[in-house]
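Asker:
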Amino acid sequence: MNIEQSTINHNPQILKVYLYYRLLLGLILYSMYETELAPKVLGSQYPDLFWLTSFFYILICFGALFVFRAEQLRHSFNRITGLLVIDLFALLLLIYASGGPESGLGYLLLVNTAMASIFLRGRLSLAYASIITIFVIAQAVYQSQTSASYSQNMFAAGSLGILIFLSSIAFTYLTERIRQSDSKAIEQAQYAKHLEKLAKLIVARMRTGVIVIDEENKIELINDSALQLLDIPSNGHYINTSIEEISNLKDLIMTWRSYPIVGIPKVHQLRAGQEVRISFSRLGNGLEERTLLYLEDYRTIAQHAQQLKLASLGTLTASIAHEVRNPLGAISHAAQLLQESEELPKEDHRLIEIILQHSDRVNQIINNTLVLSRRKEPNAERVDLDKWLHNFQEEYSVRRNATILLTQLSDNAQTKFDPTHLNQVITNLVDNGVRYSQENTGESKIEIRYGVSDNEETAFLEVIDFGKGVEEKHIQAIFEPFFTTEQHGTGLGLYICKELCEINQATLHYKKNESEQSCFRINFSHHQRVI
165 MNIEQSTINH NPQILKVYLY YRLLLGLILY SMYETELAPK VLGSQYPDLF WLTSFFYILI
225 CFGALFVFRA EQLRHSFNRI TGLLVIDLFA LLLLIYASGG PESGLGYLLL VNTAMASIFL
285 RGRLSLAYAS IITIFVIAQA VYQSQTSASY SQNMFAAGSL GILIFLSSIA FTYLTERIRQ
345 SDSKAIEQAQ YAKHLEKLAK LIVARMRTGV IVIDEENKIE LINDSALQLL DIPSNGHYIN
405 TSIEEISNLK DLIMTWRSYP IVGIPKVHQL RAGQEVRISF SRLGNGLEER TLLYLEDYRT
465 IAQHAQQLKL ASLGTLTASI AHEVRNPLGA ISHAAQLLQE SEELPKEDHR LIEIILQHSD
525 RVNQIINNTL VLSRRKEPNA ERVDLDKWLH NFQEEYSVRR NATILLTQLS DNAQTKFDPT
585 HLNQVITNLV DNGVRYSQEN TGESKIEIRY GVSDNEETAF LEVIDFGKGV EEKHIQAIFE
645 PFFTTEQHGT GLGLYICKEL CEINQATLHY KKNESEQSCF RINFSHHQRV I
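Be aware that the sequence shown starts at 165, since it is given in this note's numbering, and climbs by one per residue.
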């Protein structure tokens with residue numbers, strides 16, 4: 165242990181009291197001497213020495229209050245030792261000027277000893293007590309040579325020395341016990357802070373979103389996952405903010421409070437289009453109650469459900485496809501032979517075309533269903549959307565005479581997605597957008613916007629066309645299988661796109677943008693997610 169470590173890390177209030185005690189002691193002794201309250205005791209042998217010592221001791225103590233701060237002294241061995249030594253020599257001079265230990269001033273050294281036992285550790289405090297005792301006895305021996313009261317001075321010095329050692333031992337023991345108690349208290353406080361910090365970190369980093377609101381729907385706690393699911397900036401201040409300002413959960417919360425059904429989660433679509441599963445719970449806190457919301461990303465749940473659904477669909481579809489394709493092939497083949505017949509009236513050729521057309525349509529439905537049911541686990545890779553979309557723009561322009569406008573809203577838009585799946589999804593969305601834009605404006609043009617969401621965590625992509633948009637009554641049904649408003653459509657295009665997004669833990673939804681244009685938005689998962 166080095167010298168600097170031999171001082172205890174004290175509460176600065178103790179040191180401040182000690183600094184004021186020194187000044188008060190000097191003022192009292194000086195005042196008593198000047199007013200002659202104890203003329204036979206204070207400065208009885210050397211009055212000038214007593215006056216000078218007490219006067220300069222007051223100046224030193226007064227200056228120490230301004231020069232040394234308690235916060236600075238608490239870690240400094242040299243400064244604390246310097247103050248103790250100054251006090252020791254000042255008191256020894258005052259005792260000497262007053263006739264020695266028998267004057268009674270020697271008992272002030274007990275306070276100095278006690279302070280040394282508090283501020284210094286172990287052997288240093290005993291060494292300091294030994295030094296004081298040696299000086300007291302030496303002073304008594306010196307003064308006894310010029311005084312007739314040798315035995316009285318020696319008895320007083322010896323008694324004082326014994327009291328000094330007893331004080332040093334007692335205060336050293338008590339201080340050590342207090343230090344150990346303080347050390348344990350500090351360790352427990354630090355461990356409690358560590359647990360609190362760990363709990364906050366777990367809540368902040370857990371994948372489930374957690375929100376705690378009071379009776380007035382004001383937020384008291386919200387973690388990073390909840391901010392990400394709500395698609396709001398993570399660097400904002402949301403404590404004491406009303407839940408309705410950042411989400412559309414108010415009606416759901418009020419309904420649950422009116423009719424609390426424990427254990428039944430709700431699937432809800434947020435403003436950003438993200439689907440989450442919400443569970444509620446009550447938190448009792450005295451007279452006030454808090455509502456706890458758990459928000460789970462529905463993409464992960466949907467992905468597991470999708471895997472089970474595809475597994476069962478594959479078995480069912482394979483058997484149905486085999487049974488349907490045989491008669492379908494016979495119908496198609498018979499229609500083709502009938503079409504080649506020279507005896508067929510011309511007005512019946514249109515009926516043959518309808519048969520062949522719808523046979524192809526049924527066959528396409530079977531093919532799409534088989535492709536969907538046989539889909540394997542996604543081979544997700546890290547995708548830089550800016551680079552990938554520029555490559556897609558070039559390839560698509562070669563295949564079709566269409567214009568794709570790319571608008572980058574923010575940098576570093578990355579995700580994890582199966583590139584084959586992503587190409588199929590974007591191709592399908594762009595094909596639809598180009599077709600509707602052509603029908604409405606006469607131009608084969610669409611716009612793709614992409615960037616990072618407001619919470620700076622996940623990327624998004626929007627395919628915007630210049631068509632009339634989806635009718636309000638059809639919005640809820642456009643992603644259902646076999647739903648179509650087109651005469652020749654299969655109704656599986658958007659359904660497959662949504663399924664592929666969910667397999668890759670992304671979401672696809674339809675909305676009108678700020679310009680009231682038709683927009684399909686994909687919210688991707690984090691590019692660092694574990695597959």
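Built from N, CA and C at the ideal position, the CB exists for glycine as well. Please read all numbers here as calculations on a predicted model, not as lab measurements.
#1: Could you tell me whether the Cβ atoms of Thr567 and Lys609 are closer together than 8 Å?
#2: Select from Val300, Val598, Ala544 the residue whose C-alpha is nearest the C-alpha of Pro583.
#3: Hey, Ala321 and Ile301: beta-carbon distance below 8 Å or not?
#4: Helix, strand or coil: which one does DSSP assign to Leu256?
#5: When you compare the CB positions of Ser289 and Ser281, do they come within less than 8 Å of one another, or not?
#6: Leu394 and Leu456 look like a contact to me (Cβ under 8 Å); what is the Cβ gap, rounded to whole Å?
#7: Kindly list the residues whose CB is nearer than 7 Å to the CB of Val205, restricted to its own chain and excluding five residues on each side of it in sequence; keep chain order.
#8: In angstroms with no decimal places, state the Cα-to-Cα distance between Ile383 and Thr622.
#9: Extract the residue ranges of the beta strand (DSSP E) inside the segment 352-392, only unbroken runs of 3 or more that lie entirely within it.
#10: Using the Cα positions of Leu586 and His497, report the straight-line distance between them to the nearest angstrom.
#11: Quick test of your reading: Leu459 and Ile375, contact by CB under 8 Å. State the CB separation rounded to the nearest angstrom.
#12: Note down, in chain order, each residue of its chain lying with its Cβ closer than 6 Å to the Cβ of Asn592, except the 5 sequence neighbours on either side.
#13: Among the residues of its own chain, which have a CB less than 6 Å from the CB of Tyr600, if the five just before and after it don't count?
#14: Provide the residue span of the beta strand (DSSP E) that contains Ile628, from first to last.
#15: Who does Val431 pair with in a DSSP beta bridge?
#16: Can you grab the Cα-Cα spacing for the pair Gly190 / Ser218, in whole Å?
#17: Quick one: give me the first and last residue of the alpha helix (DSSP H) that Leu658 is part of.
#18: Are the CB atoms of Tyr614 and Leu573 nearer to each other than 8 Å?
#19: Verify whether the separation of the beta carbon atoms of Val627 and Gly597 is less than 8 Å.
#20: Can you tell me the Cβ-Cβ gap for Thr297 and Ile328, rounded? I've got them flagged as a contact below 8 Å.
#21: Kindly indicate which three-state DSSP category Ile282 falls into: helix, strand or coil?
#22: The alpha helix (DSSP H) with Leu712 in it runs from where to where?
#23: Name the two residues that bound the continuous alpha helix (DSSP H) containing Val594.
#24: Where does Asn576 fall in DSSP's three states?
#25: Report the rounded CA-to-CA distance for Leu362 versus Tyr402, giving the unit in angstroms.
#26: Closest to Asp595 by CA distance: which of Gln557, Tyr337, Ser523 is it?
#27: Which partner residues does Asn687 have in the DSSP bridge list?
#28: Could you work out which residue in Asp461, Ser523, Glu517 is closest to Pro491 when comparing CA atoms only?
#29: Expressed to the nearest angstrom, what Euclidean distance is found between the alpha-carbon atoms of Ile518 and Glu644?
#30: Here's a check: name, in chain order, each residue in its chain whose Cβ is nearer than 6 Å to the Cβ of Cys683, leaving out the five neighbours to either side.
#31: Could you tell me which residues DSSP pairs with Ser406 in its beta bridges?
#32: What three-state label does DSSP hand Ile178 in the structure shown?
#33: Over what stretch of residues does the beta strand (DSSP E) that includes Arg563 continue unbroken?
#34: Decide if Asn668 is buried, meaning its Cβ has at least 16 other Cβ atoms within 10 Å, or exposed.
#35: Can you check which of these residues, Gln352, Val616, Leu179, is closest to Gln392 by C-alpha distance?
#36: Going by other Cβ atoms of all chains shown within 10 Å of its Cβ, with 16 needed for buried, is Met418 buried or exposed?
Answerer: Considering the structure as presented:
#1: yes
#2: The shortest Cα separation from Pro583 among Val300, Val598, Ala544 belongs to Ala544.
#3: yes
#4: helix
#5: Yes, they are a contact pair.
#6: Rounded, the Cβ-Cβ distance is 16 Å, inconsistent with contact.
#7: Ser262, Ser267, Gly268
#8: 24 Å
#9: 373-377, 383-386
#10: 36 Å
#11: 7 Å
#12: Gly657, Cys661
#13: Asp629, Gly631
#14: From DSSP, the beta strand (DSSP E) with Ile628 extends over 623-629.
#15: Arg441
#16: Separation of Gly190 and Ser218 (C-alpha to C-alpha, rounded to the nearest whole angstrom) is 6 Å.
#17: 657-667
#18: Cβ distance < 8 Å, so Tyr614 and Leu573 count as in contact.
#19: yes
#20: 5 Å
#21: In this structure, DSSP gives Ile282 a helical state, which the three-state scheme calls helix.
#22: Nothing in the structure corresponds to residue 712, since the chain is present only between 165 and 695.
#23: 583-605
#24: coil
#25: Within the model, the alpha-carbon separation for Leu362 versus Tyr402 is close to 21 Å.
#26: Gln557
#27: Phe624, Thr671
#28: Ser523
#29: 26 Å
#30: Glu626, Ile628, Lys675, Asn677
#31: Lys382
#32: DSSP, reduced to helix, strand and coil, places Ile178 within a helical segment of the structure shown.
#33: In the DSSP assignment, Arg563 falls outside any beta strand (DSSP E) and within the unbroken alpha helix (DSSP H) covering 549-563.
#34: buried
#35: Val616
#36: Met418 should be labelled exposed.
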